[in-house]
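Asks:
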Amino acid sequence: MKCDVLVVGASPAGLMAAISAAKGGAGVILLDRDLAGLDHAANTLFEGMAAVSGVKVEDCYLKKELEGMRILSPSGQGVAIPARGYFIDRKKFDEHYLRLAQSSGVTLLAGIAKKSRLEGSRRTVFLNEDEIEAKIVVDASGVSSGLARGAGLAPMRHAEDIAWAMEADVEHPGLGEEMFFLYWIGSMAPGWKATFSPAGGDRATLGVFVRGHGQNVQPFFRDFLKRFKAYKASQYRDIGDLKILSVRRGGDPICVMPHEMAADSLMVTGGAAGQSGLAYSMRAGSICGSMAAVAVATGDVSRSGLSQYETLWRREFYWQYRMGRASLQTLAMMKDEEIDRLVHGLSGKTLISAGSFAKKAAYAGAVVALFRPKTMLDLAVNLMRG
Ligand SMILES: Cc1cc2nc3c(=O)[nH]c(=O)nc-3n(C[C@H](O)[C@H](O)[C@H](O)COP(=O)(O)OP(=O)(O)OC[C@H]3O[C@@H](n4cnc5c(N)ncnc54)[C@H](O)[C@@H]3O)c2cc1C
0 MKCDVLVVGA
10 SPAGLMAAIS
20 AAKGGAGVIL
30 LDRDLAGLDH
40 AANTLFEGMA
50 AVSGVKVEDC
60 YLKKELEGMR
70 ILSPSGQGVA
80 IPARGYFIDR
90 KKFDEHYLRL
100 AQSSGVTLLA
110 GIAKKSRLEG
120 SRRTVFLNED
130 EIEAKIVVDA
140 SGVSSGLARG
150 AGLAPMRHAE
160 DIAWAMEADV
170 EHPGLGEEMF
180 FLYWIGSMAP
190 GWKATFSPAG
200 GDRATLGVFV
210 RGHGQNVQPF
220 FRDFLKRFKA
230 YKASQYRDIG
240 DLKILSVRRG
250 GDPICVMPHE
260 MAADSLMVTG
270 GAAGQSGLAY
280 SMRAGSICGS
290 MAAVAVATGD
300 VSRSGLSQYE
310 TLWRREFYWQ
320 YRMGRASLQT
330 LAMMKDEEID
340 RLVHGLSGKT
350 LISAGSFAKK
360 AAYAGAVVAL
370 FRPKTMLDLA
380 VNLMRG
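With the first letter of the sequence shown counted as 1, position 321 gets the number 320 in numbering that gives the first Met the number 0; the numbers rise by one all the way through.
(1) In terms of alpha-carbon separation, which member of Glu309, Gly67, Ala153 lies closest to Glu177?
(2) For ligand 1, is there any heavy atom lying closer than 6 angstroms to the beta carbon of Asn42?
(3) For Asp160, count neighbouring Cβ atoms within 10 angstroms of its own Cβ and tell me buried if that reaches 16, exposed if not.
(4) Consult DSSP for Ala167 and reduce its assignment to one of helix, strand or coil.
(5) Should Ala296 be labelled buried (16 or more other beta-carbon atoms within 10 Å of its own) or exposed?
(6) Going along the chain, which residues of its own chain have a beta-carbon closer than 6 angstroms to the beta-carbon of Lys1, five neighbours each way excluded?
(7) Between Ala203 and Met322, what straight-line distance do the alpha-carbon atoms span, to the nearest angstrom?
(8) May I ask which residues mark the beginning and end of the alpha helix (DSSP H) holding Cys287?
(9) May I have the straight-line CA-CA distance separating Leu393 from Val300, to the nearest angstrom?
(10) Per DSSP, Arg116 forms a beta bridge with which residues?
(11) Only counting the same chain, and skipping five residues up and downstream in sequence, which positions put a Cβ closer than 8 angstroms to that of Gly304?
(12) Tell me whether the segment 243 to 257 and the segment 9 to 26 touch, counting them as touching only if at least three CB pairs, one residue from each stretch, are closer than 8 angstroms.
(13) Using DSSP bridges, identify the partner residues of Trp312.
(14) Look at Arg210 and Met256 and say whether their C-beta atoms are less than 7 angstroms apart.
(15) Specify, as a first and last residue, the run of the alpha helix (DSSP H) that Tyr96 falls within.
(16) State the CB to CB distance for the pair Ser306 and Gly23, rounded to an integer number of angstroms; the pair is presumed to be in contact (CB under 8 angstroms).
(17) By how many angstroms is the C-alpha of Asp377 removed from the C-alpha of Lys55?
(18) Hey, Ala9 and Asp93 are a contact pair by Cβ (cut 8 angstroms); roughly how many whole angstroms apart?
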């Protein structure tokens, strides 16, 4: 098989890369090993992130609207951040963008990419029995991707900081009626951070994200489940017979930094390049796909031709990722008592809900500095470390 652009992985980034490249005039194949039954983790999307990423949230996959996020400290105190968000039906989300890909002229193909080899200005990807020759291969196959690394790229800095995660769909009468996404930090979140996302009615998902303890997250999840039940009991709700319906596992690169994203005839996008989050990786995929189409049209698929993608991505997102990593690293340095004090100080205050990203970040930084001045110093050090 031959094509202009082969996208490996129907991840949010891969789907958008395929759609953008096809819209730009390239002949595109989108390959995924689980095409018939995609079962991806990640189901919560915030409007602000979608807006920054230029992603239009579609009604056809929305399940429940959320009023914001509540950050909970180890002692159970919370600070609410008003921000419109959504619990999405992930199957419908994937189906929507797969349909969009097909209607844009993308050919969908089921199969596993094993490795790639550069031959002249073409790259061949080897599947179990077939080979696909493409002018450009886009690796969008997630954090465990071997394609980019196999081609000599280091797509992430700090890959050791990938958070290995487990997400469980759970059920209990009325559990999904909560209007806020809950986010625990400190010792309440064994391993690093833990989340609760209400899906409406009786359904919700619980997530546990673990850094620095390998990929077996199960014991951390069991521990968090116990703590979550105790937290609910403290709110006079006995959820002892909570049902776990299904479980998904994966790696979240939220704390790593994207690094090398292009080589000759190869581009890397989404989790494979350390670009975490649904909306952000969709935007990264769109930039990647558009630039792939331009490179096909001009005939320059060399590393330097494709690096325009890296340049455009950096212009839009580099400092946001750098600030995000520094903030998360700073939070991880705080002791439980410090987090409690900080959250206590912030509770009752309305954190800014409108304005640009820079304005919100500056405001949040000023408020945090008021309660824990050392935070700014830690943040500056983490920012310099990159
Ligand atoms: C448990 C968990 C919960 C999360 N929750 C959220 C959330 O609520 N909101 C949010 O914004 N972000 C969330 N994230 C982060 C988010 O999932 C990712 O950052 C984002 O979806 C990008 O996905 P990805 O690029 O890692 O690809 P993935 O979603 O991992 O997709 C990779 C695709 O590539 C395919 N593939 C892999 N290898 C091959 C191969 N060799 N050949 C062919 N196909 C292959 C796979 O089948 C898969 O379809 C979560 C992450 C995890 C792990």
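Every residue, glycine too, gets a C-beta built ideally from N, C-alpha and C.
Replies: If we stick to the structure as given:
(1) Here residue 177 is taken as the residue at index 178 of the sequence shown, counted from 1. Among Glu309, Gly67, Ala153, the Cα nearest to that of Glu177 is on Gly67.
(2) Mapped onto the sequence shown, residue 42 falls at position 43. Correct: Asn42 has its Cβ closer than 6 angstroms to ligand 1.
(3) Numbered from its first residue, the sequence shown carries residue 160 at position 161. When all chains shown are included, Asp160 counts as buried.
(4) For the purposes of this step, residue 167 is identified with residue 168 of the sequence shown, where counting begins at 1. Strand.
(5) One-based indexing of the sequence shown puts residue 296 at position 297. By the neighbour-count rule (16 or more Cβ atoms within 10 Å), Ala296 is not buried but exposed.
(6) Translated into positions along the sequence shown, residue 1 becomes position 2. Excluding positions up to five away in sequence, the list reads Glu132.
(7) Your numbering for residue 203 matches position 204 in the sequence shown. Your numbering for residue 322 matches position 323 in the sequence shown. Going from the Cα of Ala203 to the Cα of Met322 covers about 30 angstroms.
(8) For the purposes of this step, residue 287 is taken as the residue at position 288 of the sequence shown. From DSSP, the alpha helix (DSSP H) with Cys287 extends over 277 to 297.
(9) Since the first residue of the chain shown is 0 and the last is 385, residue 393 is not available in this structure.
(10) Position 117 of the sequence shown holds residue 116. Looking at the DSSP assignment, Arg116 forms a beta bridge with Thr123.
(11) Counting from 1 along the sequence shown, the entry for residue 304 is found at position 305. Taken in chain order, the residues that qualify are Ala294, Thr297.
(12) no
(13) One-based indexing of the sequence shown puts residue 312 at position 313. Per DSSP, none; premise fails for Trp312.
(14) Your numbering for residue 210 matches position 211 in the sequence shown. Your numbering for residue 256 matches position 257 in the sequence shown. It is not a contact, given that the beta carbons lie outside the stated cut-off.
(15) For the purposes of this step, residue 96 is taken as residue 97 along the sequence shown, with counting starting at 1. That run of the alpha helix (DSSP H) goes 89 to 102.
(16) For the purposes of this step, residue 306 is taken as the residue at position 307 of the sequence shown. For the purposes of this step, residue 23 is taken as the residue at position 24 of the sequence shown. In fact, because the Cβ distance is near 17 angstroms, the residues do not count as touching under 8 angstroms.
(17) Here residue 55 refers to the residue found at position 56 of the sequence shown. Here residue 377 refers to the residue found at position 378 of the sequence shown. The straight-line gap from Cα to Cα measures roughly 36 angstroms.
(18) Here residue 9 refers to the residue found at position 10 when the sequence shown is read from its first residue. Here residue 93 refers to the residue found at position 94 when the sequence shown is read from its first residue. Taking a contact as a CB-CB distance under 8 angstroms, the pair Ala9 and Asp93 counts as one, their CB atoms being some 7 angstroms apart.
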